[in-house]
Every structure is written in structure tokens, then in C-alpha cells.
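Data first, discussion second: the structure below is written as C-alpha cells.
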Amino acid sequence: MINAEVEQVREVIRRYMDAGWKGDRDTLLSCFHRDARVSGYLGDRLLTGMPPLLTEAALTSGTERSQAELLALSITGRIADAVVYEAGTTGRAGLEQHLQLIEDGGAWWIISNNFTSV
Numbered sequence: 131m132i133n134a135e136v137e138q139v140r141e142v143i144r145r146y147m148d149a150g151w152k153g154d155r156d157t158l159l160s161c162f163h164r165d166a167r168v169s170g171y172l173g174d175r176l177l178t179g180m181p182p183l184l185t186e187a188a189l190t191s192g193t194e195r196s197q198a199e200l201l202a203l204s205i206t207g208r209i210a211d212a213v214v215y216e217a218g219t220t221g222r223a224g225l226e227q228h229l230q231l232i233e234d235g236g237a238w239w240i241i242s243n244n245f246t247s248v
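Per my numbering: the sequence shown = residues 131 to 248.
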């Protein structure tokens, strides 16, 4: 049987992936901790900042939606790491995201998202 923490972390990641696919900015942002950071590469372009800024860029980067897949998940105590791969769409490279999550106030949140085009 999978413990409650694993299910809670998977739920945050599932909401994050579904919101990205649907272009649902509000739900996407609700997955992030208030102190979260997002950074990485889209092609050769380095992007860094807070989730609201980069989320808007991601949601307006194309009209085709891609599918995301959870490739790896590790949970130790109140921290977790996940690797999510988002398949590329026509004219777009795929995206690998390394998410770090933290439990705060009884809930799990994405505290960091490091990504790169692949």
C-alpha cells in the first residue's frame, strides 16, 4: 500500500501536469509554494524568476498542448524530488522538468522547478 505522503505528492504533480496541458494558469500557480523559484532553459534562452512570470510565458508559448509524464519520484520525510517529461509538439522541443517539493503547513507544494529543453 502506498502511504499518504506519496499520494499527496503525486496529486500535486498530477494537478501541475493537467493544468499545464489544459492551459489553466490558476490551477498551475496553486501548485507552487509562495516562495517558489522557477529557472531553466528554453532552447538557449535562460529564464529565471517567480512562477507567475514564467507560467504566463509557458501558457502563451503555443496553442498545441503536449502530454506530460512522471518519470521519477523520490520522497524523504518532508521533501520530494520528481522528474517530469513533457513531449514536444509540432515545432517545439520536449521539456524535462526537475521539481522539488516541500511539505509546509500540512500540504505539499512545488518549491523549485528547474527545466531544460530536450
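Here a beta-carbon is modelled for each residue, glycine too, at the ideal position from N, C-alpha and C.
Quick caveat, the model's predicted, so the values are computed rather than measured.
Determine the extent of the alpha helix (DSSP H) in which residue i is found, giving its start and end residues.
i	result
Gln138	Ala134 to Lys152
Under a three-way DSSP split, which group does residue i fall into?
i	result
Asp156	helix
Between which residues of its own chain and residue i is the CB-CB distance below 6 Å, once the five residues before and five after are set aside?
i	result
Val142	Cys161 and Trp238
Val213	Leu201, Ala202 and His228
Ile199	Sequence check: residue 199 is Glu here, not Ile. Excluding residues within five positions, the ones whose Cβ falls inside 6 Å are Tyr215.
Would you report the Cα separation of residue i and residue j, rounded to the nearest angstrom?
i	j	result
Leu229	Ser204	11 Å
Gln197	Leu176	23 Å
Gly236	Val168	23 Å
Ala166	Leu172	19 Å
With a CB to CB cut of under 7 Å and the five nearest residues on each side skipped, what residues in its chain are close to residue i?
i	result
Glu135	Ile205
Ile232	His163, Arg208, Ile209, Trp239 and Ile241
Leu158	Tyr146, Ala149, Gly150 and Thr185
In the DSSP assignment, find the unbroken beta strand (DSSP E) run with residue i in it and report its ends.
i	result
Val248	Run containing Val248: none; DSSP gives neither H nor E here.
Arg208	Per DSSP, Arg208 belongs to no beta strand (DSSP E) and is neither H nor E.
For residue i, I'd like the list of residues in its chain whose CB is within less than 8 Å of its CB, leaving aside the five on either flank, ordered along the chain.
i	result
Asp154	Asp148
Less than 8 Å between CB atoms is the rule here; does residue i satisfy it with respect to chain D?
i	result
Ala198	In the structure shown, chain D does not exist; there is a single protein chain.
Report the option in the options whose CA atom is closest to the CA atom of residue i.
i	options	result
Arg222	Asp156, Asp234 and Val248	Val248
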